[in-house]
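If you read the sequences in order, they're chains A and B. Basically our numbering = 1-based index in the first sequence + 3. Basically our numbering = 1-based index in the second sequence + 100. Read the structure below first, then the notes.
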Amino acid sequence: MTETLWYAGRGTGVVSLVLLTIVVALGIGARSGRTAFGLPRFAVNMLHRNAALLALVLLAGHVGSLYFDPYAQLRLVDVVLPFTGAYRPFWLGLGTLGFDLILALVASSLLRHRLGARSWRIVHWLAYLCWPVALMHGLQTGSDGDSWWLRTVLALCAALVLAAVAWRLSSPFTQFPARVTRRVRALQETR
Amino acid sequence: MSHLHIDWTACDGRGLCAELLPELLAEDDWGYPVARHGKTQPTVPRHLEDVARRAVDRCPALALRLVNDPS
């Protein structure tokens, strides 16, 4: 049973990081306003959303199994409040911080229509903080940080997100690059 | 019955609504939605109301609304 919890905790952690990577890449891809992999834009949008919800489920499994794992010795406070753990508090704390950020990202997205576009977008920018925090947590907290397979997975994840961000910052990013960015002060303030 | 209202100050022309509601909306040359039948606020027939609600839900700019017409 002990072994099961430990393996489940590690497995769900790695898979949720891979999913989060896909979520970030899809989110950036959706922002471009382009179709991708033969999917229409609303499908890319839905894939982004559903992959994020799936990542949250796996994260609940990751946190839950390690919470009940007698070896990891997590307290309830470690699940919510970062940087208070007993073992590698900083790197464990990054995991807690990432988990809190994901809860904020998912909750604000589910309540998007009540929050309004502007507040939702500000919260959603936290994804760019959340993903590297999760990556560093994965690399430094667990017992697999030295293994070639985890390093390969994390390097591929990092390459995908870096490529997506580089594309995001490039000028031909959106489907209509010739559209002039709106600079109407009065409109920006109300959005 | 209900109709679609597009908030043009918010619309970013991302095209999700036109994909979900091709019966009502087309994209102009810049990707912004245009009503197919020339009305600025196209009427949504009952059988398309569920899809219209989904389009409202998925609009990245929250620029689309489904407004109920008093009957």
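Even for Gly, the Cβ is constructed at its ideal location relative to N, Cα and C.
Whole-angstrom distance between residue j and residue i, CA atom to CA atom
i: T5 of chain A; j: A75 of chain A; result: 10 Å
i: E123 of chain B; j: R91 of chain A; result: 57 Å
i: L23 of chain A; j: A169 of chain A; result: 18 Å
i: G41 of chain A; j: L153 of chain A; result: 31 Å
i: R3 of chain A; j: A107 of chain A; result: The structure shown does not extend to residue 3 of chain A, since chain A is modelled only from 4 to 194, so the question has no answer here.
i: T7 of chain A; j: Y70 of chain A; result: 13 Å
i: L113 of chain A; j: A166 of chain A; result: 28 Å
i: D107 of chain B; j: K139 of chain B; result: 15 Å
i: M101 of chain B; j: L29 of chain A; result: 36 Å
Collapsed DSSP secondary structure at residue i in the structure displayed
i: H127 of chain A; result: helix
i: P92 of chain A; result: helix
i: L42 of chain A; result: strand
i: W152 of chain A; result: helix
i: C111 of chain B; result: coil
i: Q143 of chain A; result: helix
i: C133 of chain A; result: helix
i: Y10 of chain A; result: helix
i: A161 of chain B; result: coil
i: S111 of chain A; result: helix
i: F71 of chain A; result: helix
Among the options, the one whose alpha carbon lies nearest that of residue i
i: V156 of chain A; options: A:G141, A:S146, A:W170 and A:L108; result: A:G141
i: A11 of chain A; options: A:S68, A:I31 and A:G41; result: A:S68
i: G101 of chain A; options: A:V164, A:L59 and A:S112; result: A:L59
i: A55 of chain A; options: A:G148, A:W134 and A:L97; result: A:W134
i: N168 of chain B; options: B:D112, B:G113 and B:R153; result: B:R153
i: Y132 of chain B; options: B:M101, B:P170 and B:L116; result: B:L116
i: R13 of chain A; options: A:W151, A:V82, A:V66 and A:T177; result: A:V66
i: Y73 of chain A; options: A:L165, A:Q178, A:W9 and A:D147; result: Looking at the sequence provided, one finds Pro at residue 73 of chain A rather than Tyr. The candidate whose alpha carbon is nearest that of P73 of chain A is A:W9.
i: L62 of chain A; options: A:A46, A:L50, A:T177 and A:V109; result: A:V109
i: V17 of chain A; options: A:A158, A:L172 and A:L129; result: A:A158
i: Q178 of chain A; options: A:R115, A:A120 and A:I31; result: A:I31
i: W130 of chain B; options: B:G138, B:H137 and B:R114; result: B:R114
i: A161 of chain B; options: A:N48, A:A130 and A:L57; result: A:N48
Same chain, Cβ closer than 8 Å to residue i, neighbours up to 5 away in sequence not counted
i: L97 of chain A; result: P85, V136, A137, M139, H140, Q143 and T144
i: S111 of chain A; result: L118, S122, W123, V126 and H127
i: L148 of chain B; result: L121, E123 and L124
i: D103 of chain A; result: V83 and P85
i: R44 of chain A; result: A33, G36, R37 and T38
Residue(s) in a DSSP beta bridge with residue i
i: V167 of chain B; result: B:H103
i: V21 of chain A; result: According to DSSP, which records beta bridges pairwise, V21 of chain A is partnered with nothing at all.
i: T143 of chain B; result: B:H103
i: P133 of chain B; result: B:E127
Close beta carbons around residue i, own chain, < 6 Å, minus the five adjacent residues each side
i: L134 of chain B; result: It should be pointed out that residue 134 of chain B corresponds to Val in this sequence rather than to Leu. Hits under 6 Å: A126 and D128.
i: G64 of chain A; result: T15
i: L172 of chain A; result: none
Own chain partners of residue i with C-beta closer than 7 Å, once the 5 adjacent residues on each side are dropped
i: Q141 of chain B; result: H103, L104 and H105
i: V151 of chain B; result: L120 and L121
i: V80 of chain A; result: T87
i: C160 of chain A; result: L20, V21, T24 and L138
i: P180 of chain A; result: S174
i: G148 of chain A; result: L142
i: A155 of chain B; result: L116, C117, L120, L121 and L164
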